[in-house]
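Enquirer: Here my numbering = 1-based position in the sequence shown + 7.
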Amino acid sequence: MLAKFGPAGNPDAFYESGKKASVEMPEWLAGLKLSAYEYQCSRGANIKEDTARAIGNKAEEHGISLSIHAPYYISLGAEDETIVANTQNHFMKTMQAAHWMRADRIVFHIGGPGKQARTAAMERSKKAFAEVLELADRRGLTGVYLMPETMGKQNQLGNLEEVLELCKMSKWVIPAVDFGHLHAVTGGQYTTKEEFAQVFNRIGEVLGNDVARHLHIHFSRIEFTKAGEKRHWTFDDPYGPPHQPLIELCAEQHYAPRIICESAGTQAVDALAMQNLYYSLLK
Ligand SMILES: [Zn+2]
């Protein structure tokens with residue numbers, strides 16, 4: 008099995024080519040020889056059933072692996088009961104959309120700790136997440152991987168160990184590693200092959216090698232401040248992390264991750280740059 012590459016959302020070039028609807032994305036991506044697409048439900052999973060099914064059919068027809076980014080409003084550690092209820096609802100709606108689309112993976116942000124200590128917020132998050140998993144099971148929505156994402160700001164839950172804590176709760180929970188975020192939140196680390204390898208090794212240790220080898224990865228160049236992530240840029244901009252060491256590692260170790268590029272507007276071209284490097288190194 009080989010690594011797959013694709014964009015998060017619809018890049019500028021897609022619209023510039025005169026296309027408008029996400030249902031046209033799978034064919035457009037196949038034309039570029041890309042093989043993954045992360046559909047964005049960042050502002051709510053309000054997609055209609057027929058649209059979702061149409062995107063799923065097109066993705067299957069063109070050999071595109073589909074994932075979904077869940078709404079940003081998810082906040083598992085919230086103390087406010089309304090927010091917790093809404094969080095549950097966001098999960099159910101996104102999982103329903105994934106079933107219609109036959110997307111196999113959902114990325115989500117754990118949320119912030121609010122005024123709680125991080126450990127207390129994580130305990131609360133795990134309790135709320137256990138309820139989400141149970142509810143999904145009761146509604147017949149299990150069967151799609153839920154992926155807590157490593158986050159880029161100091162005031163967000165989701166360092167690698169926190170992500171792994173949630174992943175231990177079910178075989179349907181695996182990590183989404185955003186290396187741009189890790190770079191930003193650590194003030195500029197994750198620029199060398201060794202640093203990237205540490206992440207794969209740690210995940211292998213905790214969740215097994217199969218999970219590590221087929222990791223879901225977000226990648227983009229990110230500008231940061233002391234507080235962490237500030238802004239996403241493109242591969243032409245002078246920010247880190249560099250993608251070359253990551254791609255070299257994946258090729259050398261025969262890892263087969265799904266790498267979703269989150270560049271600002273150029274996410275398809277930049278995904279392609281990573282894919283071209285990966286294939287050239289495999290030869
Ligand atoms: Zn995200």
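Built from N, CA and C at the ideal position, the CB exists for glycine as well.
Which term fits K11, buried or exposed, when burial requires 16 or more other beta carbons within 10 angstroms of its beta carbon?
Expert: On the sequence shown, residue 11 is found 4 positions in, with the first residue counted as 1. That one is buried.
Enquirer: Any heavy atom of ligand 1 within a distance shorter than 8 Å of the CB on H97?
Expert: Taking the sequence shown and counting its residues from 1, one reaches residue 97 at position 90. No - ligand 1 has no heavy atom lying nearer than 8 Å to the Cβ of H97.
Enquirer: Using the DSSP secondary-structure output, state which residues sit across from D185 in a beta bridge.
Expert: Mapped onto the sequence shown, residue 185 falls at position 178. Beta-bridge pairing links D185 to H225.
Enquirer: Could you tell me whether any non-hydrogen atom of ligand 1 is closer than 8 Å to the CB of H69?
Expert: Start at 1 with the first residue of the sequence shown, and residue 69 comes out as number 62. No, since every heavy atom of ligand 1 falls outside the 8 Å radius drawn around the Cβ of H69.
Enquirer: Are the CB atoms of F207 and E156 within a distance shorter than 9 Å?
Expert: The residue given as residue 156 occupies position 149 in the sequence shown. The residue given as residue 207 occupies position 200 in the sequence shown. Against a cut-off of 9 Å, the Cβ pair of F207 and E156 comes out as no contact.
Enquirer: Less than 6 Å between C-beta atoms, sequence neighbours within five positions excluded: which residues of the same chain meet that for P14?
Expert: Start at 1 with the first residue of the sequence shown, and residue 14 comes out as number 7. The residues are C268, Q274, A275 and A278.
Enquirer: Quick check on K65: buried or exposed, where buried means 16 or more other Cβ atoms within 10 Å of its Cβ?
Expert: For this step, residue 65 is matched to residue 58 along the sequence shown. K65 is buried by the Cβ-count criterion.
Enquirer: Pull up the distance between the alpha-carbon of N53 and that of W107, whole angstroms please.
Expert: Taking the sequence shown and counting its residues from 1, one reaches residue 53 at position 46. Taking the sequence shown and counting its residues from 1, one reaches residue 107 at position 100. Each residue's Cα considered, the two are about 12 Å apart.
Enquirer: Using the DSSP secondary-structure output, state which residues sit across from C257 in a beta bridge.
Expert: Taking the first residue of the sequence shown as position 1, residue 257 is located at position 250. The partner list for C257 (beta bridge, DSSP) is empty, contrary to what the question assumes.
Enquirer: With hydrogens ignored, establish whether the beta-carbon of H190 is closer than 8 Å to any heavy atom of ligand 1.
Expert: For the purposes of this step, residue 190 is taken as the residue at position 183 of the sequence shown. Not so, every heavy atom of ligand 1 lies at least 8 Å from the Cβ.
Enquirer: Can you grab the Cα-Cα spacing for the pair N166 / M158, in whole Å?
Expert: Within the sequence shown, residue 166 is the residue found at index 159, counting from 1. Within the sequence shown, residue 158 is the residue found at index 151, counting from 1. Each residue's Cα considered, the two are about 6 Å apart.
Enquirer: Bridge partners of M154, per DSSP?
Expert: Here residue 154 is taken as the residue at index 147 of the sequence shown, counted from 1. Its beta-bridge partners are V114.
Enquirer: Would you report the Cα separation of E172 and A124, rounded to the nearest angstrom?
Expert: Within the sequence shown, residue 172 is the residue found at index 165, counting from 1. Within the sequence shown, residue 124 is the residue found at index 117, counting from 1. Approximately 16 Å, taken between the alpha carbons.
Enquirer: At the level of alpha carbons, what is the spacing between V38 and E67?
Expert: As a position in the sequence shown, residue 38 is number 31, starting the count at 1. As a position in the sequence shown, residue 67 is number 60, starting the count at 1. Note that residue 38 is Gly in the sequence shown, not Val. Cα to Cα, the separation comes out at about 14 Å.
Enquirer: Assuming A191 and G235 are in contact, meaning their beta carbons sit under 8 Å apart, how far apart are those beta carbons, in whole angstroms?
Expert: As a position in the sequence shown, residue 191 is number 184, starting the count at 1. As a position in the sequence shown, residue 235 is number 228, starting the count at 1. Correct: roughly 5 Å between the Cβ atoms.
Enquirer: DSSP three-state label for K134, please.
Expert: The sequence position of residue 134 within the sequence shown is 127, counting from 1. Of the three classes helix, strand and coil, the one that applies to K134 here is helix, per DSSP.
Enquirer: If the criterion is Cβ atoms closer than 9 Å, does the pair H225 and V184 meet it?
Expert: For the purposes of this step, residue 225 is taken as the residue at position 218 of the sequence shown. For the purposes of this step, residue 184 is taken as the residue at position 177 of the sequence shown. At the C-beta level, H225 and V184 come within 9 Å of one another.
Enquirer: Quick one: measure Cβ to Cβ for H223 and I181, integer angstroms, because I've assumed they're closer than 8 Å.
Expert: Within the sequence shown, numbered from 1, the residue matching residue 223 stands at position 216. Within the sequence shown, numbered from 1, the residue matching residue 181 stands at position 174. Their Cβ separation, rounded to whole angstroms, is 7 Å, which keeps H223 and I181 in contact under 8 Å.
Enquirer: Below 6 Å CB to CB, which residues in the same chain sit around R228 once its five sequence neighbours on both sides are set aside?
Expert: For the purposes of this step, residue 228 is identified with residue 221 of the sequence shown, where counting begins at 1. Contacts found: W240, D244 and Y246.
Enquirer: Rounding to the nearest angstrom, what Cα-Cα distance links P33 and D111 in this structure?
Expert: Working through the sequence shown from its first residue, we reach residue 33 at position 26. Working through the sequence shown from its first residue, we reach residue 111 at position 104. Taking the straight line joining both Cα atoms gives about 15 Å.
Enquirer: Just list the alpha helix (DSSP H) runs in the region 43-95, keeping only unbroken ones of 4 residues or longer that don't cross its boundaries, in chain order.
Expert: 56-68
Enquirer: Using the Cα positions of L142 and Q260, report the straight-line distance between them to the nearest angstrom.
Expert: Counting from one through the sequence shown, the residue named residue 142 turns up at place 135. Counting from one through the sequence shown, the residue named residue 260 turns up at place 253. Each residue's alpha carbon lies about 38 Å from the other.
Enquirer: Between H239 and ligand 2, is the CB less than 8 Å from at least one heavy atom?
Expert: Annotation note on ligand 2: not contained in the displayed structure, which lists ligand 1 as its ligands.
Enquirer: Since P292 is in the alpha helix (DSSP H), which residue starts that stretch and which ends it?
Expert: One cannot answer for residue 292 here, as it falls past the ends of the chain, which runs 8 to 290.
Enquirer: Give the DSSP-derived three-state secondary structure of E269 in the structure shown.
Expert: Counting from one through the sequence shown, the residue named residue 269 turns up at place 262. Reduced to three states, the DSSP call for E269 is coil.
Enquirer: Taking DSSP as the reference, what is the three-state secondary structure of R238?
Expert: As a first step, residue 238 must be located in the sequence shown, where it is residue number 231. Three-state result, R238: strand.
Enquirer: Going by the C-beta, is D2 closer than 8 Å to any heavy atom of ligand 1?
Expert: With the chain covering 8 to 290 only, the question about residue 2 has no answer from this structure.
Enquirer: At what residues does the beta strand (DSSP E) containing K11 begin and finish?
Expert: On the sequence shown, residue 11 is found 4 positions in, with the first residue counted as 1. Counting along the chain, the beta strand (DSSP E) containing K11 begins and ends at K11 to P14.
Enquirer: Cβ of Y44 within 9 Å of Cβ of S82?
Expert: On the sequence shown, position 37 is the one that residue 44 refers to. On the sequence shown, position 75 is the one that residue 82 refers to. No. Outside cutoff.
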